[in-house]
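Undergrad: Going by numbering that gives the first Met the number 0, the sequence shown opens with residue 0, and the numbers climb by one from there. I am attaching a structure below and will ask some questions about it afterwards.
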Amino acid sequence: MIEFNQLKHLVAIAKNKTISKAAEELLISQPGLTKSMQRLEEDLGLSLFNRKKNKIELNDNGLLAVEFAKKLLDGREEMIKELTKHNQNYLSFASCAPAPLWGIEYTFQTNTNSQFESFLIQDE
């Protein structure tokens, strides 16, 4: 299964052009980064790199994978941002008597773009 960290690693390699610089940026070891890319290649069932003696570069598959990885990572960030924003605009009130809730909902919703939830706790 492809993981977001693998995609992040792939983008870092494309940006830095070397495993060592990418590993340094990501604060992980070079062997750990290499292993991550090997797992990504296994998951995809194809090679993403042209490997030579002391050099690694993205092949055509790798270049295409980087473009998709960037889109997926951007989409993930957008999802997190939107969900966080949505959850920050939500306020709940609870009361044992109805009087404290009178007018609060109207005032809150007319002065903000947020959702409002109120509920009354009753003793049985």
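Glycine is no exception: its CB is placed at the ideal position from the N, C-alpha and C atoms. Here the structure is a predicted model, which is why all the values come from computation and not from measurement.
Rounded to whole angstroms, what is the Cα-Cα separation between N58 and R75?
TA: Looking at the two C-alpha atoms, the distance is approximately 25 Å.
Undergrad: Which class does I79 belong to by DSSP, given the choice of helix, strand or coil?
TA: helix
Undergrad: Taking a contact to mean a Cβ-Cβ separation below 7 Å, would you say L47 touches G61 in this structure?
TA: Yes, they are a contact pair.
Undergrad: The alpha helix (DSSP H) spanning N15 covers which residue range?
TA: Boundaries of the alpha helix (DSSP H) harbouring N15: F3 to N15, taken from the DSSP string.
Undergrad: For the beta strand (DSSP E) that contains I27, what are its first and last residues?
TA: Taken as a continuous stretch (DSSP letters only), I27 belongs to no beta strand (DSSP E), as it is neither H nor E.
Undergrad: Run through DSSP, which three-state label would N60 get?
TA: N60 falls in the helix class under three-state DSSP.
Undergrad: Would you be able to state if there are at least three C-beta pairs under 8 Å between the segment 2-14 and the segment 63-80?
TA: Counting Cβ pairs under 8 Å, three or more are found: they touch.
Undergrad: My assumption, with CB atoms under 8 Å, is that L32 sits in contact with I18. Please give the rounded CB distance.
TA: Here L32 really is in contact with I18; their C-beta atoms are around 6 Å apart, less than 8 Å.
Undergrad: Leaving aside the five residues before and after A21 along the sequence, list all residues of the same chain whose C-beta is less than 8 Å from its C-beta, in chain order.
TA: H8, A11, I12, K14, N15 and L32
Undergrad: Along the chain, where does the beta strand (DSSP E) that runs through K51 open and close?
TA: If you look at K51, you'll find it in the beta strand (DSSP E) that goes F48 to K51.
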